[in-house]
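Each residue of the sequence shown is one higher than the one before, starting from 38 at the first, in our numbering. Even glycine gets a Cβ: it sits at the ideal position worked out from N, Cα and C. Note that the structure is predicted; figures quoted are calculated from it, not measured.
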Amino acid sequence: MAVITRFAPSPTGYLHLGHAYSALFAYKAAKESGGQFILRMEDVDSDRCTPDFENGIYEDLSWLGLSWEEPVRKQSEHLDDYKAALSKLAEQDLLYPCFCSRKDIREEIKRSGAAPHGPEGHIYPGTCKMLTEEQREEKIIAGIPYAFRLDMDKALTLLKTPLYWNDRGKGPQKATPEIVGDAVLARKEVSTSYHLSVTLDDNWQGITLVTRGEDLFYATHVHRLLQELLGLKVPDYHHHKLILDKNGERFAKRNQSVTLKHLREVEQKTPQDIMDMVGIYL
Ligand code: GLU
38 MAVITRFAPS PTGYLHLGHA YSALFAYKAA KESGGQFILR MEDVDSDRCT PDFENGIYED
98 LSWLGLSWEE PVRKQSEHLD DYKAALSKLA EQDLLYPCFC SRKDIREEIK RSGAAPHGPE
158 GHIYPGTCKM LTEEQREEKI IAGIPYAFRL DMDKALTLLK TPLYWNDRGK GPQKATPEIV
218 GDAVLARKEV STSYHLSVTL DDNWQGITLV TRGEDLFYAT HVHRLLQELL GLKVPDYHHH
278 KLILDKNGER FAKRNQSVTL KHLREVEQKT PQDIMDMVGI YL
């Protein structure tokens with residue numbers, strides 16, 4: 038069956054070999070099924086995203102031989118839409134403001150000794166969930182920056198049945214979003230977060246197969262819950278392996294030597310060389 042896939046990079050650096058694998062994987066899945074490939078810019082983090090990196094993405098992907106549906110959706114142009122969805126969650130009383138810095142969270146975990154643990158480390162210990170309305174007001178008035186977290190316990194009470202998704206890589210999956218804890222769904226200055234905007238866009242853009250690295254497998258548990266809370270369609274997923282460098286490490290944007298730009302311009306690699314390096318071919 039024809040699938041609609043997407044590649045959704047954040048323009049916070051140049052694409053590297055890991056991105057090339059991911060983009061080729063999504064493109065191939067779409068084309069082999071006679072479907073469509075969509076490119077989306079996940080640029081809500083305005084401090085770190087630049088037009089130069091965005092143009093770099095178009096250049097690298099065209100050079101690799103990919104083409105995509107136009108126009109490209111840029112998340113930064115749809116902030117009001119994410120805000121409207123966030124309000125729906127707020128109306129159900131599923132959000133609370135969290136004023137904790139990373140340091141506060143680390144200290145709270147140390148203090149409590151038995152903070153809950155998820156598959157990716159400690160989960161948010163719920164410090165700000167206990168605040169009274171007055172305490173919240175005080176902190177907001179004092180200008181302390183905050184984020185909105187999902188009240189996971191409460192959200193789970195709204196579910197009528199367990200949630201599942203079809204994972205084309207790992208087989209049928211039962212969603213257990215509680216292992217991720219009270220995920221951040223928005224920041225005060227931007228009324229969205231990765232979790233919220235990616236889930237909404239995959240629905241709004243009609244994505245039927247979400248392909249992405251297995252580093253985002255646990256994020257999917259949260260996304261599946263958001264789909265239920267917001268009445269969104271549920272695509273299939275395929276969490277693919279991550280390709281690693283010769284030291285067994287994941288590629289990082291800060292390592293310039295593995296960017297496609299460097300490989301093309303300095304090392305004179307061809308698109309065929311890149312496909313050989315990542316082991317996936319069009
Ligand atoms: N924007 C995310 C990233 O660059 C990927 C989003 C996704 O594929 O779900 O890591």
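Every unbroken beta strand (DSSP E) within the segment 64 to 121, with a cutoff of 3 residues, ordered by chain: Scanning the segment 64 to 121 for uninterrupted beta strand (DSSP E) segments of 3 residues or longer gives 73 to 78, listed from N- to C-terminal end.
Where GLY93 falls, given that 16 or more other Cβ within 10 Å makes a residue buried: In the sequence shown, residue 93 corresponds to position 56, counting from 1. So GLY93 counts as buried.
SER113 beta carbon near the ligand GLU (any heavy atom closer than 7 angstroms): Here residue 113 is taken as the residue at index 76 of the sequence shown, counted from 1. Set against 7 angstroms, the gap from the CB of SER113 to the closest heavy atom of the ligand GLU is not smaller.
For PHE288: DSSP bridge partner residues: Position 251 of the sequence shown, counting from 1, holds the residue named residue 288. Answer is none; PHE288 lacks a bridge partner.
Residues bridged to HIS276 (per DSSP): Numbered from 1 along the sequence shown, position 239 holds the residue referred to as residue 276. According to DSSP, residue pairing for HIS276 in a beta bridge involves ARG249.
Cβ neighbours of MET312 in the same chain (closer than 6 angstroms, five flanking residues each side left out): For the purposes of this step, residue 312 is identified with residue 275 of the sequence shown, where counting begins at 1. Beyond the five residues adjoining it in sequence on each side, MET312 comes within less than 6 angstroms, by CB distance, of TYR318 in the same chain, given in chain order.
3 or more residues per run - each beta strand (DSSP E) lying fully within the segment 171 to 212: DSSP runs (the beta strand (DSSP E)) wholly in the segment 171 to 212: 184 to 187, 201 to 204 and 208 to 211.
Uninterrupted beta strand (DSSP E) stretches inside the segment 127 to 174 (no shorter than 3 residues): Correct list: 132 to 135.
Inter-residue Cα distance where the pair is LEU132 and LYS207: Working through the sequence shown from its first residue, we reach residue 132 at position 95. Working through the sequence shown from its first residue, we reach residue 207 at position 170. LEU132 and LYS207: Cα-Cα distance of roughly 31 angstroms.
Shell residues, 5 angstroms Cβ cut-off relative to heavy atoms of the ligand GLU: Output, sorted by chain position: ALA45, PRO46, SER47, GLU79, VAL235 and ARG249.
Short Cβ contact (8 angstroms threshold) for HIS275 with ASP190: In the sequence shown, residue 275 corresponds to position 238, counting from 1. In the sequence shown, residue 190 corresponds to position 153, counting from 1. Cβ distance not < 8 angstroms, so HIS275 and ASP190 don't count as in contact.
CB of LEU222 within 8 angstroms of CB of HIS232, strictly: The sequence position of residue 222 within the sequence shown is 185, counting from 1. The sequence position of residue 232 within the sequence shown is 195, counting from 1. Pairing LEU222 with HIS232 gives a Cβ-Cβ distance under 8 angstroms.
Residue interval of the beta strand (DSSP E) (run including ALA223): Locating residue 223 in the sequence shown gives position 186, counting from the first residue. Per DSSP, ALA223 belongs to the beta strand (DSSP E) from 221 to 224.
Element boundaries [beta strand (DSSP E), containing THR42]: Along the sequence shown, one-based indexing puts residue 42 at 5. THR42 -> beta strand (DSSP E) spans 41 to 44.
Inter-stretch contact (C-beta, 8 angstroms, three-pair minimum) for the segment 214 to 229 and the segment 112 to 129: The segment 112 to 129 and the segment 214 to 229 touch, with three or more beta-carbon pairs separated by less than 8 angstroms.
Span of the alpha helix (DSSP H), counted from its first residue to its last, around THR335: Since the first residue shown for the chain is 38 and the last is 319, residue 335 is missing from the structure and cannot be characterised.
The segment 273 to 291 in contact with the segment 53 to 63 per 3-pair CB rule at 8 angstroms: Three or more pairs of CB atoms, one per stretch, sit closer than 8 angstroms, so the segment 273 to 291 contacts the segment 53 to 63.
Sub-8 angstroms separation of PHE90 and TYR51 beta-carbons: For the purposes of this step, residue 90 is identified with residue 53 of the sequence shown, where counting begins at 1. For the purposes of this step, residue 51 is identified with residue 14 of the sequence shown, where counting begins at 1. Here PHE90 is near TYR51, since their CB atoms are less than 8 angstroms apart.
Stretch pair the segment 291 to 307 + the segment 239 to 255: three plus CB contacts closer than 8 angstroms: Taking one beta carbon from each stretch, the segment 291 to 307 and the segment 239 to 255 have fewer than 3 pairs nearer than 8 angstroms; the two do not touch.
C-beta atoms of VAL315 and LEU123 nearer than 8 angstroms: Stepping through the sequence shown from its first residue, residue 315 is reached at position 278. Stepping through the sequence shown from its first residue, residue 123 is reached at position 86. Here VAL315 is not near LEU123, since their CB atoms are 8 angstroms or more apart.
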